[in-house]
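S.K.:
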Amino acid sequence: MRHLLCVVALLAVSAVVLGSVNPSLNADVLGLIVFKADVQDPAGKLVNWNEDDDSPCGWTGVTCNRRFNRVSELVLDGFSLSGHIGRGLLQLEYLRKLSLANNNLTGTVSPGLVRLSNLRTIDLSGNSLSGTLAEDFFQQCGPLRSISLARNSFLGQIPDSLTSCSTLAAIDLSSNRFTGSLPTGIWNLSGIRSLDLSHNMLVGEIPESIEAWNNLRSVSLKNNQFSGVLPNGIGSLLLIRAIDLSENSFSGMIPDTLQKLTLCGYLDLHGNKISGELPSWIGQLKNLETLDLSSNSFSGEVPSSLGDLHALKVLNLSANGFAGTLPESLINSSELLVLDLSENSLVGNLPPWIFKLDGEKVLVSNNKLDAIVESHLSSSTNNSSQKLQVLDLSKNAFSGGIDPAVGDSTSLQLLNLSGNSLTGAIPSSIGKLKALAKLDLSANHLNGGIPTEIGEVISLQELRLQANLLSGSIPSSLGSCSSLETMILSHNNLQGPIPVSVAKLINLQRVDFSFNNLSGSLPKQLGNLPNLLSFNISHNNLQGELPTGAFFNTIPPSSVSGNQYLCGSAVKKDCPSVLPKPIVLNPNSSGDPVSGSSSSTLGHKKTILSISALVAIGAAAVIVVGVIAITVLNLQVRSSASRSAAAIVLSGGDEFSNSPSVDGNSGKLVMFSGDPDFSTGTHALLNKDCELGRGGFGAVYRTLLRDGRPVAIKKLTVSSLVKSQDDFEKEVKKLGKIRHPNLVSLEGYYWTPSLQLLISEFVSGGSLYKHLHEGSANVLSWTERFNIILGTARSLAHLHKLNIIHYNMKSSNVLIDSSGDPKVGDFGIARLLPMLDRYVLSSKIQSALGYMAPEFACRTVKITEKCDVYGFGVLVLEIVTGKRPVEYMEDDVVVLCDMVRGALEDGKVEECVDARLHGKFPGEEAIPVIKLGLICTSQVPSSRPDMAEVVNILELIKSPSEGQEELV
């Protein structure tokens, strides 16, 4: 390698003196080695290029002139080379052909390549070359005959110097970004035989006189911005075989001079503004194999002279204004493979000859044709029809039934008969179409059931049967159509359940069963479908719980509406944990329940109560008792706390010391870091001016240590509920060991039997709640909000890793430090209680209305870390929208989760982002974050992600453009 680098470095000197100093050295070897040094060769194609060789003539891709033993051709097509084209190739003075096509080369191209004195062919197509071509790029093109720069990223204008290359026969500059008009002299290049400038952004008109191009064989100006009328001069190109002027803005009529182009086999003018009638002389172009005049403004009838084009293989007249009937003469075009007459105004019967052609594609959709289609389909079952791949007769006025003989067209890949007036049943022979990928029979009057044989069409990707009169059940055999992506069966009379086999269709993306009479419960396995984008089951008679899974957790309510007995979050209806069973009680009986016969004999009325009703009554009673008990306990707590606090104040604050101490009047103080005692004494606990806020578990005050460092002190109001002193201290010490950048650190505690204090670090920036909802002058930017969300997620993930549930996630428990980073506080307090009673917890965090996970209301569901995930999801939506979890309006109560979920369903989710951001937020971050928040608030705990997964998702969402100007 060191030797190679030396050779490269000295090339400039050695190339000059090469011939005079040491004629035995080969300039071609040096030139190619330098070229190799400028590229990367991951496939090892150039491994045998050795700088120690005397000659490169045996190297891969190299061909030499036998007379001079010098390199004449370098062909490295498709070698996967990258890097740039260096100046080493300029040493190959005998080079005639250079082809580096279909690699990954980048950078610009030196004009020196074109000026090699013997170069005839340059092909640099299919790379990633870029930049503009210098005005003198073609100035000294010598004997250059062919140049291709196609499929690169060149831009700017095509240089005028191109017109000086009088020897050029083939020019291909297609699929670049060239702009502007063509050099004027290009129309005078008499030697040009092939010109391809397609897929650029060129403008201008074709001049009336282009006789200099009389040697032209093919021209493509496709997909540019050329305009004007087609000049009569095109008729002078007598040798031309292919003309492609499609996808421009040419207007006017087809010039009559085109009838002279009898050698032309390809004429494509589609996607322009050409008008008038199609002239009958078109039949004189006997060599035409492709005629595409689609997407123009032609009118009149389809000329019968088209039948004279016996070599015609592709005829596309779609998207015009052709009227009248189809000419019978087209049956003479026996080679016709593609016939597209769709989107016109053709009338009359569909001629039987269409199905007698040896065609592969027949498209006559969106016309005004009418006939009984049955006989035509039957006539298509001759041997030639075995090649038919596409049959589109949609959006016409066809009537009658679908003949079973359609199943004999076994090569069909697309069958579209939608938007007609077809009647009868779908024939079971449809199962013979093993190659069928799309079947569309929608918007007809078909009746009967969906044939079970449809499951034999294993290649089916799209099935559309909506808007018919179909009845019966959805066949379970559809589960065998493993390639199915779209299944639309809406607006029929289908009955019965959705078969479980549908859940086997892992490629399903779009499903619509709406507006039928389907019943039964939804298979839970549907929740495992990985690619679902929509699943509409609205307006049926389905019942039971919706499946859970990535899609069904956020399914739009409109997709499940109109099913009275469905339950789940999407329909805003809780599912009963126990199915109700009626119990019959005799209110007049003091003994065993009487039988049905005896009760009827007595003539007393029966009282029927469901288990769910009894549970509700019992729960109400428990709640009443609990409220009374908690009230009494809180009164006791306040009384004892006041007494203790008063005692502390009377002691003058001297009770606090650096070392733990226990005293009947003062209690025990422990500081984990051994910090000095308080400078202000504990009078701060009773000083309203020092109060920072109140929560479900107590009030928080600010005070100072003697070293001047502020701390926050939480005075617990659950004194009678906390554990014994030993258990309390054990749990607090565990919490004191927890350290994380996004968690408030616990610094110490104070204990008496009637008063407990938790001493934490003081966070100066206030709570997130105040920043969002209390008119802060500095509105949080999107970057700040995202960082708060991510930091909060990391803190919860850390707690869950330590098996600690927060239980009380809300914006007032997220504090913002001086650097704008979040710190989550109030964690782990529930561990200080003797047992995790969900009623006590829910009563203590009722201030977190809107954050509470639904499982708090159900005693049969285990409380896990997923309740934190739910609260975090609500917090995410609160941060993004700037709205409270529950907003009380004048006549309504708006729940944030429901509002955002509805906006997502309506496609207006971006409107939910806090208006104070004035639209300055990256949608590629905001929308995924909103969706993540909705997933976290799924009603079913198992459907919520773990916090570790949430952190990973947020880190993937986070924009990589850090360091750029912040969105304010």
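In mature numbering (1 follows the signal peptide of the UniProt record, and there is no 0), the protein residues as written are -19 to -1, 1 to 949.
Every residue gets a Cβ at the ideal spot worked out from N, C-alpha and C, and that includes glycine.
Under the three-state reduction of DSSP, which class applies to W732: helix, strand or coil?
M.R.: Three-state result, W732: strand.
S.K.: Note down, in chain order, each residue of its chain lying with its Cβ closer than 8 Å to the Cβ of residue 951, except the 5 sequence neighbours on either side.
M.R.: One cannot answer for residue 951 here, as it falls past the ends of the chain, which runs -19 to 949.
S.K.: Cutting at 6 Å between CB atoms, please list the residues of its own chain near V932, excluding the five before and the five after it.
M.R.: Excluding residues within five positions, the ones whose Cβ falls inside 6 Å are A774, R775, A778.
S.K.: Which runs of the alpha helix (DSSP H) at least 4 residues long sit entirely within the stretch 59 to 110? Give them in chain order.
M.R.: With a minimum length of 4 residues, no continuous alpha helix (DSSP H) run stays inside the stretch 59 to 110.
S.K.: Can you give me the C-alpha to C-alpha distance between N397 and N204, rounded to a whole angstrom?
M.R.: Approximately 30 Å between the Cα atoms of the pair.
S.K.: Go through its chain and collect everything with a Cβ distance to G501's Cβ below 6 Å, but skip five positions before and after it.
M.R.: Excluding positions up to five away in sequence, the list reads P478.
S.K.: With H, G and I counted as helix, E and B as strand and the rest as coil, what does DSSP make of T271?
M.R.: Correct three-state label for T271: strand.
S.K.: Between V795 and L420, what straight-line distance do the alpha-carbon atoms span, to the nearest angstrom?
M.R.: Straight-line Cα distance between these residues: approximately 56 Å.
S.K.: Is R882 helix, strand or coil by DSSP?
M.R.: Three-state DSSP puts R882 in a helix.
S.K.: Whole angstroms are fine: how far does the CA of E186 sit from the CA of E282?
M.R.: Going by the C-alpha atoms only, they are around 30 Å apart.
S.K.: For V552 versus P538, is the C-beta distance shorter than 8 Å?
M.R.: It is a contact, given that the beta carbons lie within the stated cut-off.
S.K.: Which of the three DSSP states is assigned to K889 in this structure?
M.R.: Coil, per DSSP.
S.K.: Assign T862 to one of three DSSP states: helix, strand, or coil.
M.R.: T862 falls in the helix class under three-state DSSP.
S.K.: Under the three-state reduction of DSSP, which class applies to A131: helix, strand or coil?
M.R.: Three-state DSSP puts A131 in coil, outside helix and strand.
S.K.: Under 8 Å, with one C-beta from each stretch per pair, do the stretch 48 to 55 and the stretch 73 to 83 reach the 3-pair mark?
M.R.: Enough Cβ pairs lie closer than 8 Å, so yes.
S.K.: Can you tell me whether M652 is helix, strand or coil according to DSSP?
M.R.: Three-state DSSP puts M652 in a strand.
S.K.: Alpha carbon to alpha carbon, how far is L239 from P260? Give it in angstroms, no decimals.
M.R.: Whole-angstrom Cα-Cα distance: 10 Å.
S.K.: Output the distance between the C-alpha atoms of L727 and P511, rounded to the nearest integer angstrom.
M.R.: The straight-line gap from Cα to Cα measures roughly 44 Å.
S.K.: Considering only the beta carbon of each residue, do S793 and S748 sit closer than 8 Å?
M.R.: Yes, these two residues count as a Cβ contact at 8 Å.
S.K.: Would you kindly check if the distance between the Cβ of N428 and the Cβ of A406 is under 8 Å?
M.R.: Yes, they are a contact pair.
S.K.: Ends of the beta strand (DSSP E) at D177?
M.R.: Counting along the chain, the beta strand (DSSP E) containing D177 begins and ends at 175 to 177.
S.K.: Please report the distance separating the alpha-carbon of G340 from that of L317.
M.R.: The alpha-carbon atoms of G340 and L317 are separated by roughly 6 Å.
S.K.: Looking only at its chain, what residues have a beta carbon closer than 6 Å to the beta carbon of V328, apart from the 5 residues adjacent to it on each side?
M.R.: For V328, where only same-chain residues beyond five positions count, the Cβ hits under 6 Å are K349.
S.K.: Kindly give me the distance between the Cβ atoms of L753 and I860, rounded to whole angstroms, as I take these residues to be in contact under 8 Å.
M.R.: With a Cβ gap of about 7 Å, L753 and I860 count as contacting.
S.K.: Rounding to the nearest angstrom, what Cα-Cα distance links N517 and S454 in this structure?
M.R.: Answer to the nearest angstrom: the Cα atoms are 17 Å apart.
S.K.: Relative to the alpha-carbon of L218, which residue among I235, M234, S199 has its alpha-carbon at the smallest distance?
M.R.: Among I235, M234, S199, the Cα nearest to that of L218 belongs to S199.
S.K.: How close, in whole Å, do the beta carbons of G717 and F653 come, if the pair is a contact with beta carbons under 8 Å?
M.R.: With 8 Å as the limit, G717 and F653 qualify as a contact, their Cβ atoms being about 5 Å apart.
S.K.: Given N169, which residues of its chain have a CB within under 6 Å of its CB, disregarding the five upstream and five downstream residues?
M.R.: Correct list, in chain order: A193.
S.K.: Enumerate in chain order the residues of its own chain whose CB-to-CB distance from N108 is below 6 Å, with the five nearest sequence positions on each side excluded.
M.R.: N84, L86, N133.
S.K.: Which partner residues does D708 have in the DSSP bridge list?
M.R.: Its beta-bridge partners do not exist; DSSP assigns none.
S.K.: In the DSSP assignment, find the beta strand (DSSP E) that holds N397 and state where it starts and stops.
M.R.: Element bounds for N397: 395 to 397.
S.K.: Going by CA-CA distance only, name the one from L738, L57, F49 that's closest to F16.
M.R.: Nearest C-alpha to F16: L57.
S.K.: Does E765 pass the burial test, meaning 16 or more other C-beta atoms within 10 Å, or should it be called exposed?
M.R.: It is buried - the Cβ of E765 has at least 16 other Cβ atoms within 10 Å.
S.K.: What's the gap between the Cα of W334 and the Cα of H291?
M.R.: Distance between the alpha carbons of W334 and H291 is about 15 Å.
S.K.: Judging by CA-CA distance, which residue of G412, K782, I844, D802 is the nearest neighbour of A811?
M.R.: Answer by Cα proximity: I844.
S.K.: When you compare only the Cα positions, how much space is there between G175 and F379?
M.R.: One point to set straight first is that residue 175 is Ser, not Gly, in the sequence displayed. Taking the straight line joining both Cα atoms gives about 46 Å.
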